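Residue numbers (our numbering), protein chains in the order written: chain A, 795 to 1173; chain B, 795 to 1173.
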């Protein structure tokens, strides 16, 4: 079943006539997920419960979209529009149905809300309501969740491939990185290798010294200094993204405190792995990881101030509940979901370590598709 | 005046209490525009008409945001939230005012609409309405337009700098590009150079042979072949983006048809430049350019199927009406706006040329901050 057919099946289950995706200047990534190609101008994808799928696009992008859909054997008509009035004429019959799913989130400020399905811009939403005041518009959250959170065997194959390619680039870092090079130069080298193969999944974080203690550090012009060097990076070749963090030591004599924290994090990650299995509540790997850090004398409340992991897939932060000790127990892991496992310890303004691997949830055990070196690599 | 102070001034003019920007996973670029740093987790920026500005952010990103604001001498309190309930408590008093501006567009399917101000996701919009049912929410379009469409002298300096750096990288292409290299390899090289200096403004388009006839071509694994090679690329070092297209000929004997079209486009661009001046209607440069193409015997209706240019700035497609012969004459150019000037001719499935430069609108003449070689460069 291709993605359009899968979506059709879900539309029937939720008793909706169709699913409309509105994308303008890359506002909705589900467009590229469905079409297999990035269309930048304003366009509309209508997945029809009856199989009569349509895309409305500017003339200039029709051929590109058609060719991508053809390559994926997806039957879907691509219709050009020449003006906004023309577009309105095409859209009006499409949205005047009983029930149409749109990519908006509900209760986004609630833990149980569907903020992950919130893509449509407010103005776009109003414009569609205006065209079809009698239609019931429902959130497409169940469609997005089902299509994207559990991965197909092709997607898992793609994931293993992209993870392998990313690891090869990380493995080459010790030969490349030198003291005095800037963080941006290191990032540029990594992303240069990525660009030859595919796309950057997210902006690589290169943090030297105290910058390693800032988990969302914006890579800067600071020169690499002796001590901790953290690299958090991800690649997308086909559909799946990798997301890996390695923490290196620049110099020959790593500090004892660094070595100890590294070992404890490495082991805590292994412990968490035991709980990345089908049916386990999302909070459990995080809880077990933190218990181990506490047992080893680390004040994780203070030093580990982010969640343990997130869903990984077509986006680096993909669809699905996060791995965090506060996630309600009704959220459970399912076979073939993909998650990051990324414990960290940070001494603000000093240094930090994060070790991040990617795992596929299995029936009885997880498959860790990446690795972190057991002992820190010295550069 | 810094950006917050400018926004404050506009808030007073439109009689609003404040401007609330909601950003989650990079959903609103105006966040980075205001903060000077990319915050990825859910955060809220409140620009207060009275100057009592606030940012609500996850704890992990507070220090990063504070340090960026401090560097810019912006007075704004950064307050961490620890849960969505905590966030709601912080937001409620902020949004319960008379009139609050939010980044939504109005009449987005109308040429006169404000789709360029449409950033807020529908679910985020609903959540704010829920917190403050009595508040009047207005579109922040006038604020965004005034803050971003006309550039400050610092921004223009930054633009000249980024354009110069981009040109140097393009000038080095003939030594780098070889027949048999893939489009992606060429893109990777260009973006590698960018990454050392800053960010990629948009995904570089590298189109060999027939791909040059597709203006929004997704750079592929296709090998560079003799004949036309089109590169459309842009860099962002500090705030301004460059956006330049050069069209090369790979091989020693460029086809006469190519040389003729190149010369005509080059001249049509010069003609358009004469109309990139303060007070001129946006449609005029496009109209004059097309008239010249027609005069030279080119069927521009068929061969030139996109607009002549777009606003350029913090985003490659920036705030401001496009340059297109259909733009109503009420839209006029203003001094210190920045536009691309990019005529093209495309023979679908065969080859195409686009020559794109960046211009600053002047009082009596424009300043072209980039250049295209007068004769095509042979590779």
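We treat Cβ as the ideally placed atom computed from N, Cα and C, and that holds for glycine.
On a predicted model such as this, the values are computed, not experimentally measured, just so you know.
Query	Result
Is the beta carbon of residue 949 (chain A) less than 7 Å from the beta carbon of residue 1034 (chain A)?	yes
Take every Cβ of the stretch 893-913 of chain B, pair it with every Cβ of the stretch 928-944 of chain B, and state whether three or more of those distances are shorter than 8 Å.	yes
Pick out the complete alpha helix (DSSP H) segments inside the stretch 941-983 of chain A, 4 residues or longer, and give them in chain order.	947-965, 967-970
DSSP three-state call for residue 1148 (chain A): helix, strand or coil?	strand
So, with DSSP's three-state summary, where would you put residue 1133 (chain B)?	strand
Hey, is the stretch 1068-1077 of chain A in contact with the stretch 1085-1095 of chain A, meaning 3+ C-beta pairs nearer than 8 Å?	no
Taking the straight line between their C-alpha atoms, what separation do you get for residue 1152 (chain A) and residue 1173 (chain A)?	24 Å
Between residue 1072 (chain B) and residue 1129 (chain B), is the Cβ-Cβ spacing less than 7 Å?	yes
Using three-state DSSP, classify residue 1170 (chain A) as helix, strand or coil.	coil
Are the beta-carbon atoms of residue 1055 (chain B) and residue 1127 (chain B) separated by less than 7 Å?	no
In chain order, what residues of the stretch 909-936 of chain B put their CB closer than 7 Å to some CB of chain A?	909, 912, 913, 914, 915, 916, 917, 918, 919, 921
Step through the CB atoms of chain A and report whether any lies within less than 7 Å of the CB of residue 985 (chain B).	yes
Return the first residue and the last residue of the beta strand (DSSP E) that residue 837 (chain A) is part of.	837-842
Which of the three DSSP states is assigned to residue 1017 (chain B) in this structure?	strand
How would you label residue 1170 (chain B), buried or exposed, when you count the other beta carbons within 10 angstroms and need 16 or more for buried?	buried
By the three-class DSSP mapping on this structure, what secondary structure does residue 918 (chain B) have?	helix
Apart from the five residues on each side of it in sequence, which residues of its chain come closer than 7 Å, Cβ to Cβ, to residue 1160 (chain B)?	1067, 1070, 1071, 1153, 1154
Between the C-alpha atoms of residue 1020 (chain B) and residue 971 (chain B), what's the straight-line distance to the nearest angstrom?	11 Å
Let me check one thing: in DSSP terms, what residues is residue 993 (chain A) bridge-paired to?	A:1030
For residue 980 (chain A) and residue 1000 (chain A), what's the separation of their Cα atoms in angstroms?	7 Å
How would you write the range of the alpha helix (DSSP H) that residue 1066 (chain A) sits in, first residue to last?	1050-1067
I'd like the list of long-range same chain contacts for residue 891 (chain B), defined as Cβ closer than 7 Å, with 5 residues on each side in sequence excluded.	811, 812, 929
Looking at the secondary structure, which residues open and close the alpha helix (DSSP H) in which residue 1002 (chain B) lies?	Taken as a continuous stretch (DSSP letters only), residue 1002 (chain B) belongs to no alpha helix (DSSP H), being part of the beta strand (DSSP E) at 999-1002.
Just curious, the alpha helix (DSSP H) that residue 887 (chain B) is in, first and last residue?	878-889
Who are residue 933 (chain A)'s beta bridge partners in DSSP?	A:896
Go to residue 1006 (chain A), then tell me how far its beta strand (DSSP E) extends in each direction, as first and last residue.	First-last for residue 1006 (chain A): undefined, no H or E at that position.
In whole angstroms, give me the CA-to-CA distance for residue 982 (chain B) and residue 1014 (chain B).	11 Å
Mind listing which residues of the stretch 868-886 of chain A have their C-beta closer than 7 Å to chain B's C-betas, in chain order?	878, 881, 882
Answer yes or no: do residue 973 (chain B) and residue 1018 (chain B) have a C-beta to C-beta separation smaller than 7 Å?	yes
With H, G and I counted as helix, E and B as strand and the rest as coil, what does DSSP make of residue 848 (chain A)?	strand
Can you confirm whether the stretch 961-969 of chain A touches the stretch 994-1012 of chain A when touching is taken to mean that 3 or more C-beta pairs between the two stretches lie within less than 8 Å?	no
Tell me the DSSP bridge mates of residue 1175 (chain B)?	For residue 1175 (chain B) there is no data in the structure shown, the boundaries of chain B being 795 and 1173.
Exposed or buried, residue 807 (chain B), counting other C-beta atoms within 10 Å across all chains shown (16 or more means buried)?	exposed
Please list, in chain order, all residues of the same chain as residue 1103 (chain A) whose beta carbon is under 6 Å from its beta carbon, the five residues on each side excluded.	1117, 1133, 1134, 1135, 1136
Let's see if you can read the secondary structure: which residues bound the beta strand (DSSP E) around residue 1117 (chain A)?	Counting along the chain, residue 1117 (chain A) falls outside any beta strand (DSSP E), and DSSP gives it neither H nor E.
How many angstroms separate the CA atom of residue 975 (chain B) from the CA atom of residue 1083 (chain B)?	35 Å
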